[in-house]
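Input: a single structure, listed below in structure tokens.
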């Protein structure tokens, strides 16, 4: 009889985790959280460790400032939007053949 109880708890736990996952997916579709399609990258962890390291080594603070400066730098007028790549064309004006 005791294995019924253990199997029941395991089944209830699995169903609870599945329901929690479905709830998180629904919240992600509404834009409230990032669950499976996380926007996080490894650079976030690196930046966090760099912040901690700057407390112990003040000389590393210039690296943090340089990263933030590059991150918030505005593009010059006429530059293509970031993340867009345009094919290079080497077309020259051709004269009509006679």
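Numbering (the working numbering), first residue to last: 363 to 460. Beta carbons: idealized from backbone N, C-alpha and C, even for Gly. Small disclaimer: the values here were computed from a predicted structure and weren't measured.
Beta-carbon contacts of residue i that lie in its chain and below 8 Å, excluding the five residues immediately before and after
{"i": "residue 395", "result": "386, 389"}
Contacting residues, own chain, Cβ-Cβ under 7 Å from residue i (five flanking each side not counted)
{"i": "residue 392", "result": "none"}
Straight-line Cα distance separating residue j from residue i
{"i": "residue 409", "j": "residue 370", "result": "45 Å"}
{"i": "residue 368", "j": "residue 376", "result": "12 Å"}
{"i": "residue 399", "j": "residue 384", "result": "14 Å"}
{"i": "residue 411", "j": "residue 372", "result": "38 Å"}
{"i": "residue 374", "j": "residue 407", "result": "35 Å"}
{"i": "residue 418", "j": "residue 440", "result": "42 Å"}
{"i": "residue 428", "j": "residue 438", "result": "19 Å"}
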